[in-house]
Amino acid sequence: MKYIRILYAIFFIGTISNCSTPLYEIESIVSDKHYEKSLVLDLPFEEVRQGCLEALSLDYQLKHKLGLERWGTSTWSVEVMEDQLFCKDIFQKENTNYDVCFNKFSEYWYSKSYMVNGNPSLATGKFHIHFEKLENNATELSVNIVNHRVVNGLECCGPHGRYVRLTPVDSTGADEYQVLKYLADYFKK
């Protein structure tokens, strides 16, 4: 019985010591290209905000792909000031009362910006859409990503086994541009 415990301990320690992956090199696949992160629409403020909420509604998302999906039916969760839960850090800032935040919780999308270990990286973060009233009844909407991170291997050991290692990265604007393009397409209809 004593030998079985020793063998089990050796096996368990050997398994744990080999379950983490090394830190991989993260490389940007975006050249010096500049991506737009804002858009001016000749529409009233409330109409632009309501249009963004409709474009990010579940019904609309299921019919139109955002372009950052990893799986076919993956959807994004939208939050506004009135029903904030995971975006409190965004709504605590000044002039964000009418802004929109959306994220995928713990799901990931394929980044348009980064490669990890020679493969397209999985990314996570929250998208923040800010609205600004302009003259002549126009509205500017800008998209920024908050807490942008990419999956960079696996760590060991959490309460449920291995878990992904997330490495913070700077925004290149490519993912935000994808969201901006999606919203611009909505307003063209």
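End of the sequence shown = 190 in the working numbering, gap-free, step of one. Every residue, glycine too, gets a C-beta built ideally from N, C-alpha and C.
Considering Cα atoms alone, identify which of the options is closest to residue i.
{"i": "Thr125", "options": "Lys134, His35, Phe132, Ser114", "result": "Ser114"}
{"i": "Glu108", "options": "Gln85, Asp84, Val165", "result": "Val165"}
{"i": "Pro169", "options": "Phe188, Lys127, Lys34", "result": "Lys127"}
{"i": "Cys53", "options": "Thr140, Lys89, Leu123", "result": "Thr140"}
{"i": "His149", "options": "Trp77, Asn137, Glu48, Ser112", "result": "Ser112"}
{"i": "Tyr187", "options": "Arg6, Ile27, Leu167, Lys64", "result": "Lys64"}
{"i": "Glu80", "options": "Glu95, Thr173, Asn104", "result": "Asn104"}
{"i": "Thr22", "options": "Thr173, Ser78, Leu155, Arg6", "result": "Leu155"}
{"i": "Leu57", "options": "Val101, Gln85, Pro121, Met82", "result": "Val101"}
{"i": "Asn137", "options": "Asp43, Lys94, Glu28", "result": "Asp43"}
{"i": "Thr173", "options": "Lys189, Glu47, Lys38", "result": "Lys38"}
{"i": "Gln62", "options": "Glu47, Gln51, Ser78", "result": "Ser78"}
State yes or no: is the C-beta of residue i within less than 8 Å of the C-beta of residue j?
{"i": "Val144", "j": "Ile130", "result": "yes"}
{"i": "Leu135", "j": "Val49", "result": "no"}
{"i": "Ile91", "j": "Val180", "result": "no"}
{"i": "Tyr99", "j": "Phe132", "result": "yes"}
{"i": "Leu86", "j": "Tyr183", "result": "no"}
{"i": "Met116", "j": "Glu28", "result": "yes"}
Cutting at 6 Å between CB atoms, please list the residues of its own chain near residue i, excluding the five before and the five after it.
{"i": "Asn118", "result": "Tyr25"}
{"i": "Ala175", "result": "Val31, Tyr36, Lys113, Ser114"}
{"i": "Val167", "result": "The residue you asked about is not Val; residue 167 is Leu in the sequence shown. Here the set comprises Arg150."}
{"i": "Pro121", "result": "Tyr111"}
Cutting at 8 Å between CB atoms, please list the residues of its own chain near residue i, excluding the five before and the five after it.
{"i": "Ala185", "result": "Leu40"}
{"i": "Met82", "result": "Phe92, Thr97, Asn98, Tyr99, Asp100"}
For residue i, which residues from the same chain have a beta carbon less than 7 Å from its beta carbon, with the 5 sequence-adjacent residues on both sides left out?
{"i": "Leu1", "result": "Absent from the model: residue 1. The displayed extent of the chain is 2 to 190, so no value can be given."}
{"i": "Leu47", "result": "For clarity, residue 47 is Glu in the given sequence; the question names Leu instead. Once the five neighbours on either side are set aside, Glu47 has no close Cβ partner at all."}
Report task. Output the residue ranges of the beta strand (DSSP E) runs that lie fully inside the region 95-136 and measure 3 residues or longer, sorted by chain position. Result -> Counting whole runs of 3 or more residues, the region 95-136 contains the beta strand (DSSP E) stretches 101-104, 110-117, 120-134.
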